[in-house]
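J.: Would you mind keeping the following structure in view while I ask a few things?
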Amino acid sequence: MIGYANPKRFLDLTRPIPPWFFGVSSTLLAIGLYLALFVVPPERQQGDAVRIMFVHVPAAWIGMGAYALMAVCSIWALVNRHPLADIAAREAAPLGALFTGLALITGSLWGKPMWGTYWAWDARLTSFLLLFFLYLGYIAIWNVTEDETRAARGAAILAIVGAVNLPIIKFSVDWWNTLHQGESIFRSGGPVIATVFLWPLFIMLAAYTTLFAALWIVRVRTAILRRTVRTRVSAGFGR
Amino acid sequence: MMNFLAMGGYGQFVWAAYAASALGLAAATVLTLSAYFRVVRQLSQLPREGEKPLA
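See the structure below:
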């Protein structure tokens, strides 16, 4: 595992991956959007507003997944002091913040017609907003701390401590009385939503996941190459 | 067509959610790829290691 984390080896190994992932993601997005907008029938209680679920749930899934990835990379960075681990965590943050922001926006657009309000200080919504602020804090640490080693350590600690929020988000609907509906997909006993909604949702989940993976790999590659440029320029190999 | 756009009376919410998602994902893709190709271009303009430094 650590052998694969050599930046040069990482660049060689990941070179062919992003085009494939972008291709798979685009195909899945096209299929998922077609099913979500043209094939899925209006839901009995939510009507056509249920279609928002197909862009809301995948964004929320990636928002949480990216943070988990960031936390794992941060542990790896603190334990092994491997520079690639810091880069991997840092490059996941802006993407995670974007997907979390999209989940909050699309969630509030679903909430207005269903709950009568764009926002409520409900346990699920509040813990998810906290996730968004954790991303912003993490990005801010990297941007305001001049010493890169100190920035990496501070950001890694925040990422690891903030990971406590992930189970809180997941189980908030079970632990507290929330406006947000209970777990309906990834729950013990299986999903409770009808198959006609489930398949398009899984396709959109796969589309968002492959898109995130492609963007993340490209961002890590960019960061490594940028470091190479800086090293070569400072060594006098350029302007 | 109008019925499809109206989305059973929820059109403004459904289309706003899809537009925000499309905008966010498109912006992330364009910014990520443009940054990547910019640094690849910069790197290609620098002499390779082992070549004589410019200064």
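Chains as they are written, first to last, in our numbering: chain A, -19 to 219; chain B, 34 to 88. Glycine included, each C-beta is placed from N, C-alpha and C at the ideal position.
From which residue to which residue does the alpha helix (DSSP H) around A40/A run?
T.: In the first sequence, the residue the question calls residue 40/A occupies position 60. Here the alpha helix (DSSP H) through A40/A covers 33 to 60.
J.: So G170/A contacts chain B; which residues on that side make the cut at Cβ distance below 7 Å?
T.: Sequence index remark: in the first sequence, residue 170/A carries index 190 (1-based). Result: empty, since nearest Cβ-Cβ is about 27 Å, beyond 7 Å.
J.: For L64/A and W101/A, what's the separation of their Cα atoms in angstroms?
T.: Position 84 of the first sequence, counting from 1, holds the residue named residue 64/A. Position 121 of the first sequence, counting from 1, holds the residue named residue 101/A. Approximately 38 Å between the Cα atoms of the pair.
J.: In whole angstroms, what separates the C-alpha of S54/A from that of L111/A?
T.: Numbered from its first residue, the first sequence carries residue 54/A at position 74. Numbered from its first residue, the first sequence carries residue 111/A at position 131. Going from the Cα of S54/A to the Cα of L111/A covers about 16 Å.
J.: By Cβ distance below 7 Å, which residues in the same chain neighbour A186/A in space, the five residues on each side in sequence not counted?
T.: Stepping through the first sequence from its first residue, residue 186/A is reached at position 206. Closer than 7 Å at the Cβ level, and outside the excluded window around A186/A, lie L8.
J.: Select from the stretch 21 to 38 of chain A all residues with a C-beta closer than 8 Å to any C-beta belonging to chain B, and list them in chain order.
T.: The stretch 21 to 38 of chain A vs chain B, Cβ under 8 Å: P22, G27, D28, A29, R31, I32, V35, H36.
J.: Can you give the Cα-Cα distance for R81/B and P(-4)/A, rounded to whole angstroms?
T.: In the second sequence, counting from the first residue as 1, residue 81/B sits at position 48. In the first sequence, counting from the first residue as 1, residue -4/A sits at position 16. Each residue's Cα considered, the two are about 22 Å apart.
J.: Using the Cα positions of N36/B and V47/B, report the straight-line distance between them to the nearest angstrom.
T.: As a position in the second sequence, residue 36/B is number 3, starting the count at 1. As a position in the second sequence, residue 47/B is number 14, starting the count at 1. Rounded to the nearest angstrom, the two C-alpha atoms are 13 Å apart.
J.: Nearest-angstrom Cα distance between A88/B and S214/A?
T.: One-based indexing of the second sequence puts residue 88/B at position 55. One-based indexing of the first sequence puts residue 214/A at position 234. Residue placement at A88/B is flagged as unreliable, the pLDDT there being 45, under the threshold of 50; the coordinate-derived value follows with that caveat. Taking the straight line joining both Cα atoms gives about 10 Å.
J.: Here's the rule: buried if 16 or more other CB atoms are within 10 angstroms of the residue's CB, otherwise exposed. What is D273/A?
T.: Missing from the structure shown is residue 273/A; chain A here goes from -19 to 219 and no further.
J.: What does the Cβ neighbour count give for L0/A, buried or exposed, with the cut at 16 atoms within 10 Å?
T.: Position 20 of the first sequence, counted from the start, is the residue given in the question as residue 0/A. Correcting the residue identity first, residue 0/A is Trp in this sequence and not Leu. So W0/A counts as exposed.
J.: Note down the Cα distance separating E23/A from A16/A, rounded to an integer number of angstroms.
T.: Here residue 23/A is taken as the residue at index 43 of the first sequence, counted from 1. Here residue 16/A is taken as the residue at index 36 of the first sequence, counted from 1. Cα-Cα distance, rounded: 12 Å.
J.: Figure out for me which residue from H36/A, T86/A, D(-8)/A, I119/A has the closest Cα to the Cα of L181/A.
T.: Along the first sequence, read from residue 1 onward, the residue named residue 181/A stands at position 201. When only C-alpha atoms are compared, the closest one is H36/A.
J.: DSSP three-state label for G170/A, please.
T.: Here residue 170/A is taken as the residue at index 190 of the first sequence, counted from 1. In the structure shown, G170/A sits in coil (DSSP, three-state: anything other than H, G, I, E or B).
J.: Assuming I32/A and L89/A are in contact, meaning their beta carbons sit under 8 Å apart, how far apart are those beta carbons, in whole angstroms?
T.: Counting from one through the first sequence, the residue named residue 32/A turns up at place 52. Counting from one through the first sequence, the residue named residue 89/A turns up at place 109. With a Cβ gap of about 6 Å, I32/A and L89/A count as contacting.
J.: What is the DSSP secondary structure of A88/B, counted as helix, strand or coil?
T.: Here residue 88/B corresponds to residue number 55 of the second sequence, with the count starting at 1. A caution first: A88/B carries a pLDDT of 45, below 50, which makes its placement in the model too unreliable to give a value.
J.: Which ranges does the alpha helix (DSSP H) cover as unbroken runs of at least 4 residues, wholly within the stretch 91 to 139 of chain A, from first to last along the chain?
T.: Those alpha helix (DSSP H) runs which fall completely within the stretch 91 to 139 of chain A and span 4+ residues are 103 to 124.
J.: Anything in the stretch 184 to 206 of chain A with a Cβ closer than 7 Å to a Cβ of chain B? List those residues in chain order, please.
T.: Against chain B - using a Cβ distance shorter than 7 Å - the residues of the stretch 184 to 206 of chain A are L191, L195, V198, R199, R201, T202, L205, R206.
J.: Just the Cα atoms here: how many angstroms apart are A69/A and G42/B?
T.: Numbered from its first residue, the first sequence carries residue 69/A at position 89. Numbered from its first residue, the second sequence carries residue 42/B at position 9. Going from the Cα of A69/A to the Cα of G42/B covers about 42 Å.
J.: Determine whether the Cβ of W90/A lies closer than 8 Å to any Cβ atom of chain B.
T.: Walking along the first sequence from the start, residue 90/A turns up at place 110. True, the Cβ-Cβ gap to chain B drops below 8 Å.
J.: Cα separation between V176/A and V30/A?
T.: What you label residue 176/A is simply residue 196 of the first sequence in a count that begins at 1. What you label residue 30/A is simply residue 50 of the first sequence in a count that begins at 1. The alpha-carbon atoms of V176/A and V30/A are separated by roughly 12 Å.
J.: Can you tell which of I183/A, W41/A, M50/A has the C-alpha that lies nearest to the C-alpha of K150/A?
T.: Counted from its first residue, the first sequence places residue 150/A at position 170. K150/A has its Cα closest to that of W41/A, out of I183/A, W41/A, M50/A.
J.: Relative to the C-alpha of L195/A, which candidate in A10/A, V4/A, A136/A, K92/A has its C-alpha closest?
T.: As a position in the first sequence, residue 195/A is number 215, starting the count at 1. Here the closest residue by C-alpha is V4/A.
J.: Do the CB positions of A103/A and I121/A come within less than 8 Å of each other?
T.: Numbered from its first residue, the first sequence carries residue 103/A at position 123. Numbered from its first residue, the first sequence carries residue 121/A at position 141. Not in contact: A103/A and I121/A (Cβ atoms no closer than 8 Å).
J.: Can you give the Cα-Cα distance for R71/B and M40/B, rounded to whole angstroms?
T.: Start at 1 with the first residue of the second sequence, and residue 71/B comes out as number 38. Start at 1 with the first residue of the second sequence, and residue 40/B comes out as number 7. The alpha-carbon atoms of R71/B and M40/B are separated by roughly 42 Å.
J.: When the Cα of F(-10)/A is compared with those of T211/A, V209/A, V198/A, which residue comes out closest?
T.: As a working mapping, residue -10/A is identified with position 10 in the first sequence. Checking every option, the nearest Cα to that of F(-10)/A belongs to V198/A.
J.: Thinking C-alpha only, which one of A48/A, T211/A, I204/A, G76/A is nearest K(-12)/A?
T.: In the first sequence, residue -12/A corresponds to position 8, counting from 1. That would be I204/A, whose Cα lies nearest to the Cα of K(-12)/A.
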